[in-house]
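Protein chains in written order, with this note's numbering: chain A, 819 to 1163; chain B, 9 to 335.
What follows is one structure encoded as structure tokens, with my remarks underneath.
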Amino acid sequence: MTVPENDDLLRVENLKMYFPVRGGVLRKRVGYVHAVDGVSLTVGRGETLGLVGESGCGKTTVGRCILRLYQPTQGRVIFDGTDLLEADSKTLRTARRQLQMIFQDPFESLNSRHTVGDIVAEPFIIHRVGRPADRMRSVAGLLERVGLAADAASRFPHEFSGGQRQRIGIARAIALNPKLVVCDEPVSALDVSIQSQILNLLLALQKDLGLSYLFIAHDLAVVKHVSDRIAVMYLGRIVEYAASGELYRQPLHPYTQALIAAIPDPDPEKKKMSQPMLSGDVPSPINPPPGCHFHPRCPYACRRCREETPALVPFGSSEPGHWVACHFAGRLDGGCVDTPRILSD
Amino acid sequence: MNNGQPILTVDHLVATFDTDAGRVRAVDQVSFSLKAGTILGLVGESGCGKSVTALSIMRLLPRPAGVIESGAIRLNGVDLVQLAPDEMHRIRGRRIGMIFQEPMTALNPVHRIGQQLVEVFDLHRPDLDAVQRYQAAVALLSRVGIPEARARMDEYPHQISGGMRQRVMIAMALAGKPDVLIADEPTTALDVTIQAQILELILDLQKETGMAVLFITHALGVIAQICQEVAVMYAGWIVESAPAAALFKKPLHPYTQGLLASMPRLSSENKSVLPIIRGTVPSLHQLPPGCRFQNRCPHVMDRCGKETPGPVAVDDDHWARCFLLEG
């Protein structure tokens, strides 16, 4: 008997990650970076959840908390029925076989002194899977699966291009047949003509192996292409959460709207530069603004936004599963109770 | 300034680098002209030679490894390649300004922003006295969109955000009122909403000053938004050159076609298989004879491995290096 809600492969509830900021001679704690401030999300089986936002919004920290590479300040991370934050080291070790990660920088994330064969075989060694001879056979199969020649196993990472190195990282991530792969900016360090090769590979692997992805990236066009649902993060919080087509068709949060508008369209006839843009920078997560974190940059912000934090709630009339954290979602054109503020700073 | 007249002409430029594995031609027979009052985009992937082209124009190739082997770079008819170092010194900053991808490495971390900016005025505007230079620096910072410019003058580069640093870089590049601005991936390190702000600023300043801009990027979307003309580079060659509208509407070279098709777009179908360009860019050490794109080209023919394709013009100002166009 399964309750649909609990059938999600991954459920993150009210995750908070505060990093202490230390200062002065005694290295006393002078404050916290609110890197992740109450994030809840789910990833279904075989599904891709895209997590998109600008640098410093906390998207990478969410990924690392899920793998428990960081010990979160608060919250629950339930993976396949196990609460990873409560788990003892033995349970965690078992769970981590099912939970892998692909990193942004294929130059930093591979040990340059190990051969590609050693790198891809390492998960087998760590988790004591198979005998050495079987392992080498598995490695050959994995390399082939990600589109590398079999002789790659005896070579070193520096002999490969960025795209090929990312393939090595992917082979390592899928070695233990994981259920969930956290992909942290997997294509943003790659050239345009290589990006599509890697995206196609990730999509094909998902289909063949039934993988779920948490796909973290700053490029909304890339995220939209690979994701079933998308969560948009801003300064440690999710501001909008919807099926990817729906998010693109009907973005409700002013930040999502701005993010979509800011993507340079590869069509000279659709010039966007004349449209109003988001002013200012992302504020510091050490002292995030009160109320809605987005209000200092929001063209629609009014008094309520400065005082009251909007909750992430389902948006009424739209497709089910469209959530937004904005007091005035759906009625931004003239919905504010006091005069809308035109930004001067 | 006569708009439409070429102000900067690069003519059969060849720039080489000495490496441990031998000499490579990072830029090979590159020709283009930048017209006054326009923005020309130079687009290509890492290692295609676009930055080396920019550094050649500035005569800033890292020596002794990098040299301009042949070709001419004419700024209003004067060949920069032939200039003595002190003559070139007077061109840089005053006639040609340059901004880079990562402003943090271009700014001096131990000097205040104001000090660095005033220094540029010291160099290029000896007619102003110290107070005027300071005022000019503050005015310029405000012009590039830095709030509370006077207070920012006393800050250090690490105290401001990446977008603000890029604005400071732009101010420094424009202090000498150059005729040409070379922008080498100025928005690549920035977030997309900040990128939009910086692109808007560059467009505004270009209109206001009438300068010509050589805009180097790997992002076709950025090119489409701000450039009038585009040159596409691949493995040291310009493979296609066209007005921006024509390039995006009717790309001629298989590489350009492949690049445009392989980009994920917001409007593309979810989770669909993207068209790809197979393989990888050949190493400059092991370039094949003939066309440099042949190992990745879906239309490759016998001829591509034997002869070098020259530019074939299809329209006014629209040409590509491909045998397919010879019809």
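Glycine included, every Cβ here is placed at the ideal spot set by N, Cα and C.
These numbers come from a predicted model, not from an experiment.
- Identification of chain B residues near A/N1018 by a Cβ-Cβ cut-off of 7 Å yields V281, L282, I284, ordered along the chain.
- Under the criterion of beta carbons closer than 8 Å, A/P1114 and A/G1098 qualify as touching, at roughly 6 Å.
- The Cβ-Cβ distance between A/C1001 and A/L1020 falls below 8 Å.
- At a cut-off of 8 Å between C-beta atoms, A/V880 does not count as an interface residue with respect to chain B.
- Look at A/V934 here: in three-state DSSP terms it is helix.
- Between A/A1080 and B/Q203, the beta carbon gap of about 7 Å places them in contact (Cβ cut-off 8 Å).
- Approximately 6 Å separates the beta-carbon atoms of A/G876 and A/M1051; this is inside 8 Å, confirming the contact.
- Taking C-beta separations shorter than 7 Å and ignoring five residues to either side along the sequence, the partners of A/H852 in its chain run Y836, G1054, P1103, P1106, following chain order.
- Within chain A, the C-beta atoms nearer than 7 Å to that of B/A252 come from P1086, in chain order.
- Between the alpha carbons of B/I246 and B/A239 lies a gap of roughly 6 Å.
- Against chain B, the CB of A/Y1066 has a partner CB under 8 Å away; the residue lies at that interface.
- Chain A has a Cβ within less than 8 Å of the Cβ of B/T201.
- Within chain B, the residues P272 have their CB atoms less than 8 Å from the CB of A/V1040, given in chain order.
- By the rule that beta-carbons nearer than 8 Å mark a contact, B/L267 touches chain A.
- Interface criterion not met: the Cβ of B/F301 is under 8 Å from no Cβ in chain A.
- Three or more beta-carbon pairs drawn from the region 267-280 of chain B and the region 1030-1041 of chain A are found closer than 8 Å, and the two stretches are therefore classed as touching.
- Following the DSSP letters along the chain, one finds A/K846 inside the beta strand (DSSP E) bounded by residues 846-861.
- Taking C-beta separations shorter than 6 Å and ignoring five residues to either side along the sequence, the partners of A/A1049 in its chain run L859, L869, I1056, Y1059, following chain order.
- Put simply, the backbone Cα of B/G105 is about 37 Å away from that of A/F921.
- By the rule that beta-carbons nearer than 8 Å mark a contact, B/H261 does not touch chain A.
- What A/H1043 touches in chain B, judged by beta-carbon distance under 9 Å, is P272, R273, L274, S276, E277, N278, K279, S280, L282, going in chain order.
- Under DSSP, B/K43 shares a beta bridge with B/P14.
- Here DSSP, grouped into helix, strand and coil, assigns A/R829 to strand.
- Around the CB of B/P72, fewer than 16 other CB atoms lie within 10 Å, so the residue is classed as exposed.
- Using a Cβ-Cβ distance cut-off of 8 Å, the region 279-294 of chain B and the region 217-236 of chain B are not in contact, since fewer than three pairs of beta carbons, one from each stretch, lie closer than that value.
- Note on B/L21: 16 or more other CB atoms within 10 angstroms of its CB, so buried under the neighbour-count rule.
- Around the CB of A/L1077, 16 or more other CB atoms lie within 10 Å, so the residue is classed as buried.
- Collapsing the DSSP output to three states places A/M1095 in coil.
- Distance from the Cα of B/L88 is smallest, within the candidate group B/H326, B/F129, B/V18, for B/V18.
- In this structure, B/E53 is the residue among B/A328, B/K215, B/Y164, B/E53 with its C-alpha nearest to the C-alpha of A/Q1013.
- Per DSSP, the continuous beta strand (DSSP E) segment holding A/L998 begins and ends at 998-1002.
- Around the beta-carbon of A/I884, 16 or more other beta-carbon atoms lie within 10 Å, marking it buried.
- Taken atom to atom, the span from the alpha-carbon of A/G1109 to that of A/G1134 is near 22 Å.
- Per the coordinates, the alpha-carbon of A/I988 lies some 12 Å from the alpha-carbon of A/E962.
- Listed in chain order, the non-local C-beta contacts of A/A913 below 8 Å within the same chain comprise F897, D898, T900, L902, A905, local neighbours out to five positions each way being set aside.
- DSSP places B/Y263 in the helix class (H, G or I) of the three-state scheme.
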